[in-house]
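Structure record follows, encoded as C-alpha cells.
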Amino acid sequence: MIHDVIVIGGSYAGMAAALQLLRAHRKVLIIDEGKRRNRFATHAHGFVSQDGIDPAEIAAASKAQLEKYPTLTWVTGKALSAIGDNDNFSVATDAGKTHQGRRIIFATGVSDALPEIEGLQERWGRHVFHCPYCHGYELNKGRIGVIATGPMSVHQARLIPEWGDVTFFLNDALTLDQETSDQLIARGVEIETVAISRLQEEADVVLQDGRILSFAGLFTASTNAPASPIAESLGCTIVETGFGTMIETDSGKATRIPGAYACGDVARVPHSVSLAVGDGAWAGAQVHASLVFG
C-alpha cells in the first residue's frame, strides 16, 4: 500500500497532524515508538479542556479517536530510516518492514539532556520541571529552585518569581555580570553560588558545603535535540535554538526536502502540549493542501 502520508511519531503533534488528514479521507500511517516526552509527568496543565489530566490518558483518548477513522494505519515500532522525496518516500522500521508514502511528517519529539546532578533524572517531570506554565501553579507560591544550565536559565530565573520565591543556583554553569545580577535581585531572586552535590527527598537541594535547602519544586532548562536522527539522515536541516537543536521548517512546516514536513517540539520552540497540538494541526492542513494543489 502507498499511504498518502507517513507520520513518524504518534504523540500529540503527530496525532493532531494525522487527524486533519484522516478527516480529509486520506490514507495515513502513524509509526510510533511509544515514548512520549512527558511520560514522566502525572498531570498535564495549560491545555484547554484537559487541564490536570494524566498525559497518558490524553494520549490514549486521542489515539482511540483517531482509530475510528478507517483510513488510519497505526504501527507500534521504531522508524529507522527514511529515503526519497515528494510522492516517493520509503520508511524502514525495526520490524524489518518498509512502508511507502507520498508525504512524510516528522513528529518525533525531542530528547532532554539534563544537568548531571545526582538524583535529578529520577525527579524529572515530577519534582523537577522545565515549563512554569505547565507546572508552576501547583507549587502554591512555595519556594522554587532554578538550576542553571546556561544563558537561557537567566530568563527562567527572572520569569519564575511569578510562581513563588526563587533561589537561582548557578552551579558552576554560569557567571553573571553585574547588570544581570541586579535584574535578578530586583525580581526578588536569591543567587546561590555554591555548587549542588545532589538532590534528595522530593525537591531538597544538598549543596557541596553541606547545606540542605528545601523547595516546593525545581526548574531547569534542559538541552533539546531531535529524539531521532531520521530527519537529519534524510537531509533535513537541523538548526540551533536557545533550547538546543530542532528541524528547520518554513511557515507551512515544510522542510528543505520536498514532501517532508516536521511539527511539534522537534520543529518549534518553546514547547508544551497545547503548542504541539496546534503546530501539528497546522502541519496536517498544510500537507493536505500539498496533496491537493501539488
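So that you can map any letter, position 60 of the sequence shown is 65 in my numbering, and since no number is skipped, the others follow by simple counting. For every residue, glycine included, the Cβ atom is placed at its ideal position computed from N, Cα and C.
Residue i CB to nearest heavy atom of the ligand ADP below 7 Å
i, result
"Ser227", "With respect to small molecules bound, the structure shown includes none, and the ligand ADP cannot be examined in it."
Per-residue burial, residue i [other beta carbons within 10 Å of its own, 16 or more giving buried]
i, result
"Gln25", "buried"
"Met20", "buried"
"Lys258", "buried"
"Ile262", "buried"
"Thr78", "exposed"
"Asn1", "Residue 1 lies beyond the stretch modelled for the chain, which goes from 6 to 299, so this question has no answer here."
"Ser16", "buried"
"Arg128", "buried"
"Gln183", "exposed"
"Glu123", "exposed"
"His50", "buried"
"Ile291", "In the sequence as displayed, the identity of residue 291 is Gln instead of Ile. Its Cβ being crowded by 16 or more others within 10 Å, Gln291 is buried."
"Pro75", "exposed"
"Gly114", "buried"
"Ala153", "buried"
"His5", "This structure leaves residue 5 out entirely; the chain is present only between 6 and 299."
"Ser256", "exposed"
"Thr172", "buried"
"Gln55", "buried"
"Ser86", "exposed"
"Ala4", "There is simply no residue 4 to check, as the chain begins at 6 and stops at 299 in what is shown."
"Pro156", "exposed"
"His30", "exposed"
"Val96", "buried"
"Ile7", "exposed"
"Arg44", "exposed"
DSSP beta-bridge partners of residue i
i, result
"Arg107", "Paired residue(s): none; Arg107 is not in a bridge."
"Ser186", "Its beta-bridge partners do not exist; DSSP assigns none."
"Ile4", "Lying before the first or after the last residue shown, residue 4 is absent from the chain, which here runs from 6 to 299."
"His293", "For His293, which the question treats as bridged, DSSP gives no partner whatsoever."
"Gly89", "Phe94"
"Ile217", "Val211"
"His276", "His276 pairs with nothing; no bridge assigned."
"Leu119", "DSSP, once it has assigned bridges, lists no residue as partnering Leu119."
"Ala259", "Tyr266"
"Ile235", "Looking at the DSSP assignment, Ile235 forms no beta bridge with any residue, so it has no partner."
Segment limits, alpha helix (DSSP H) that includes residue i
i, result
"Arg163", "Met157 to Leu164"
"His132", "Premise fails: His132 is in no alpha helix (DSSP H) and is neither H nor E."
"Pro137", "Pro137 to His140"
First through last residue of the beta strand (DSSP E) which encompasses residue i
i, result
"Tyr266", "Ala265 to Ala267"
"Pro231", "Thr228 to Pro231"
"Phe173", "Val171 to Phe174"
"Ile149", "Ile149 to Ile152"
"Ile196", "Glu195 to Glu197"
"Leu223", "Gly222 to Thr225"
"Ile201", "Ile201 to Gln205"
Within-8 Å CB hit, residue i to chain D
i, result
"His104", "Among the chains in the structure shown there is no chain D, since it carries only a single protein chain."
Say whether the region 239-258 touches the region 268-282, bearing in mind that this needs 3 or more beta-carbon pairs closer than 8 Å, one atom from each stretch. Cβ pair count under 8 Å is three or more, so yes.
Between the region 200-212 and the region 181-190, can you find at least three pairs of beta-carbon atoms closer than 8 Å? Because the criterion of three Cβ pairs below 8 Å is not met, the region 181-190 and the region 200-212 do not touch.
Say whether the region 146-157 touches the region 212-231, bearing in mind that this needs 3 or more beta-carbon pairs closer than 8 Å, one atom from each stretch. Taking a contact to require three or more Cβ pairs closer than 8 Å, the region 146-157 and the region 212-231 qualify as touching.
Inter-stretch contact (C-beta, 8 Å, three-pair minimum) for the region 106-126 and the region 288-298: A contact exists between the region 106-126 and the region 288-298.
Contact between the region 277-296 and the region 226-243 (3+ Cβ pairs under 8 Å): Using a Cβ-Cβ distance cut-off of 8 Å, the region 277-296 and the region 226-243 are not in contact, since fewer than three pairs of beta carbons, one from each stretch, lie closer than that value.
Where in the region 11-91 do unbroken runs of the alpha helix (DSSP H), each at least 4 residues long, occur, reported from the N-terminal end onward? Within the region 11-91, the complete alpha helix (DSSP H) runs of at least 4 residues are 17-27 and 60-71.
Assess, as a yes-or-no matter, whether the region 72-89 is touched by the region 35-43 under the definition of 3 or more beta carbon pairs within less than 8 Å. As far as the Cβ criterion goes, the region 35-43 touches the region 72-89, which means the pair count is three or higher.
Does the region 128-144 come close enough to the region 61-78 to have 3 or more Cβ pairs within less than 8 Å? Contact fails between the region 128-144 and the region 61-78, because fewer than three Cβ pairs, one in each stretch, are under 8 Å apart.
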